[in-house]
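S.K.: This is the structure I have questions about; it appears just below.
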Amino acid sequence: MKNLTLVFIALIAALNFTACTDDDGFTFTAKPDPEGVVFTNSTLETYNLMASSSDNLAERFVWNEVDFGVQTPVNYEIQGATTESFETFSVIGVGTQTNLPVTVGNMLSLAREAGLDNDPLTPEPNTGTIYFRVRAYVGADAGNVVEQFSDALAISVTLPEAEEEEEIQLPQIFVVGNFLTGGGYGSDWTPADAVPLAASAEGNTDYEGFVFVNSDTPELKFLPTNESFDGDYGDTGENNGDFSGTIEQEGEVNAGTPDGTGGYYLINVDTEALTYAMTKTSWGIIGNATPTGWDSDTDMVYDPATKIWSLTLDLTEQEAPDNGIKFRANDAWDLNIGDNDADGTMEFGGQNIGIPEDGNYTITLDLSNPRQYKYSITKN
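For the sequence shown, the numbering used here assigns the number 41 to the initial residue and increments by one for each residue that follows.
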């Protein structure tokens, strides 16, 4: 009987060992995504790069999510190069989200590698092109990595010559809080992922920017830099989430929104007057180039992944500045944006935007870079 028991136990152990071995033998094979990886953000016609603003955000590159068909996080890498072939390149950033920031300093380093400088006394040019691409990959070992690359994105840059650099890049403060993850910016309460606001000029303290505060119970603070909480500003109220419209640096609580709810907000902060305001916005277009004319808006849709408002509709040919379209918030004229010089940059209360010919168009509105708002109107 004793021998029979020992044989039975040995049989069970062998079965268990075999089952584990079989489990360990399963192989999951990653395959390239047939959709590929593609940049989805809009870009400026030219980026002016100045050493005095190296730490400022130049662009937040956004791309589609890649599916390799395996249950493991996909890593993304932004690469920068001086040639479209990417024979040599620099890794600018790595992460698992579908967006990464690139600073003025990052672009400036590539521009200098490309042979550009801002000295008017040298023969080297101060304008040129640098390139970015996204690498999506899974796996860690050299033999097990599956990867895909986006097409190279050409970026035109200018290094203002020494006398031109009087146009200093706008100073910034940053918004941090419990909305960063939900808003697609990064990790909650992480200074490095905080959203920038920009002042109107060097030496001014009137900061402004648009932020997707995607939280059911928003709480946030304002930071002098995106490196730490040193010198942070909060609300003067008594409880976290209060909104009083005033800020302080000592004894403060986490600020909230005026109605205690999330949304896409225009945020204005004055660090000298110690005040702040938040206006919830939803954007659309209006104008005699649209099907509803000047009578009502056609609503746009916000995409947190690209941080862009967009819509597609039929437009008719109209000539600016008396005709065309404008962007406005909340179906009202209190907050509207146009284009005074038809140069692709935008101004609050600016002129109407003309439409060159009848057709079906995709329209985008990018408010993600503070005080450098841009749009596109593309015929389909």
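All residues carry an ideal CB built from backbone N, CA and C; glycine is no exception. Here the structure is a predicted model, which means the values were calculated and not measured.
Should the segment 135 to 142 be regarded as contacting the segment 91 to 106, the criterion being three or more beta carbon pairs within less than 8 Å?
M.R.: Yes, they touch.
S.K.: DSSP beta-bridge partners for V215?
M.R.: In DSSP, V215 forms a bridge with V235 and F262.
S.K.: How would you label N420, buried or exposed, when you count the other beta carbons within 10 angstroms and need 16 or more for buried?
M.R.: With fewer than 16 other Cβ atoms within 10 Å, it is exposed.
S.K.: Ignore the nearest five residues each way along the sequence and tell me which others in V144's own chain have a CB closer than 6 Å to its CB.
M.R.: So the qualifying residues of the chain are L89, S93, S94, N96 and A98.
S.K.: In whole angstroms, give me the CA-to-CA distance for V114 and A180.
M.R.: Their Cα atoms are separated by approximately 11 Å.
S.K.: Would you report the Cα separation of N380 and P361, rounded to the nearest angstrom?
M.R.: C-alpha separation (whole angstroms): 8 Å.
S.K.: Should V235 go down as buried or exposed, given a rule of 16 or more other Cβ atoms within 10 Å for buried?
M.R.: Burial call: buried.
S.K.: If T245 sits next to E312, beta carbons under 8 Å apart, how far is it from one beta carbon to the other, in whole angstroms?
M.R.: Their Cβ separation, rounded to whole angstroms, is 4 Å, which keeps T245 and E312 in contact under 8 Å.
S.K.: Give me the residue from R411, T356, D343 and A369 with the minimum Cα distance to T80.
M.R.: Measuring from the Cα of T80, the nearest candidate turns out to be D343.
S.K.: Looking at the structure shown, is I417 part of a helix, part of a strand, or coil, going by DSSP?
M.R.: Strand, per DSSP.
S.K.: Is it true that the CB of E153 sits closer than 8 Å to the CB of T122?
M.R.: Yes, Cβ-Cβ distance for T122 and E153 is below 8 Å.
S.K.: Inspect the beta-carbon positions of T315 and G285 and report whether they are closer than 8 Å.
M.R.: Going by C-beta atoms, T315 is nearer than 8 Å to G285.
S.K.: Indicate the three-state DSSP secondary structure (helix, strand or coil) for L193 in the structure shown.
M.R.: Three-state DSSP puts L193 in a strand.
S.K.: Which whole-angstrom value describes the C-beta separation of K414 and S149, a residue pair presumed to lie in contact below a C-beta threshold of 8 Å?
M.R.: About 24 Å; that fails the 8 Å criterion.
S.K.: Just how far apart, CA to CA, sit P410 and W349?
M.R.: Approximately 15 Å between the Cα atoms of the pair.
S.K.: Here's the rule: buried if 16 or more other CB atoms are within 10 angstroms of the residue's CB, otherwise exposed. What is A329?
M.R.: A329 comes out buried.
S.K.: Can you give me the start and stop residues for the beta strand (DSSP E) that L84 sits inside?
M.R.: From DSSP, L84 is part of no beta strand (DSSP E); its letter is neither H nor E.
S.K.: Name the two residues that bound the continuous alpha helix (DSSP H) containing E153.
M.R.: E153 -> alpha helix (DSSP H) spans V144 to E153.
S.K.: Where E292 and F283 are concerned, what is the direct C-alpha to C-alpha distance, given to the nearest angstrom?
M.R.: The straight-line gap from Cα to Cα measures roughly 12 Å.
S.K.: Between which two residues does the beta strand (DSSP E) harbouring F129 extend?
M.R.: No beta strand (DSSP E) holds F129; DSSP gives it neither H nor E.
S.K.: Evaluate E267 with the Cβ neighbour count: other Cβ atoms within 10 Å of its Cβ, from every protein chain shown; 16 or more gives buried, anything less gives exposed.
M.R.: Its Cβ having fewer than 16 others within 10 Å, E267 is exposed.
S.K.: May I have the straight-line CA-CA distance separating D233 from N218, to the nearest angstrom?
M.R.: If I take the Cα positions, the gap works out to 11 Å.
S.K.: Between L161 and P200, what straight-line distance do the alpha-carbon atoms span, to the nearest angstrom?
M.R.: C-alpha separation (whole angstroms): 13 Å.
S.K.: Could you give the residue range of the beta strand (DSSP E) that holds F250?
M.R.: D246 to V253 is the extent of the beta strand (DSSP E) around F250.
S.K.: Take L260 and list the residues in its own chain whose beta-carbon comes closer than 6 Å to its own, dropping the five residues that flank it on each side.
M.R.: Closer than 6 Å at Cβ, skipping near neighbours: V215, G217 and A295.
S.K.: Just the Cα atoms here: how many angstroms apart are A192 and Y171?
M.R.: If you take the alpha carbons of A192 and Y171, they lie about 6 Å apart.
S.K.: Which of helix, strand or coil does DSSP assign to A369?
M.R.: It is a strand residue.
S.K.: Quick check on the burial criterion: 16 or more other C-beta atoms within 10 angstroms. Buried or exposed for T167?
M.R.: T167 is exposed by the Cβ-count criterion.
S.K.: Starting from Y225 and walking both ways along the beta strand (DSSP E), at which residues does that stretch end?
M.R.: From DSSP, Y225 is part of no beta strand (DSSP E); its letter is neither H nor E.
S.K.: If you compare alpha carbons, which of S190, S240, P165 and G364 is closest to A176?
M.R.: When only C-alpha atoms are compared, the closest one is S190.
S.K.: Judging by CA-CA distance, which residue of Q188, E290 and T169 is the nearest neighbour of S196?
M.R.: The residue with the shortest Cα to Cα distance from S196 is T169.
S.K.: Mind checking who M318 pairs with in its DSSP beta bridge?
M.R.: Paired residues: I307.
S.K.: If you reduce the DSSP assignment to three classes, tell me which class S94 lands in.
M.R.: Reduced to three states, the DSSP call for S94 is coil.
S.K.: Could you give the first and the last residue of the continuous beta strand (DSSP E) run that contains N376?
M.R.: Its beta strand (DSSP E) spans residues N376 to G378.
S.K.: Between T112 and V186, what straight-line distance do the alpha-carbon atoms span, to the nearest angstrom?
M.R.: Going from the Cα of T112 to the Cα of V186 covers about 12 Å.
S.K.: The beta strand (DSSP E) with V178 in it runs from where to where?
M.R.: V178 -> beta strand (DSSP E) spans T167 to V178.
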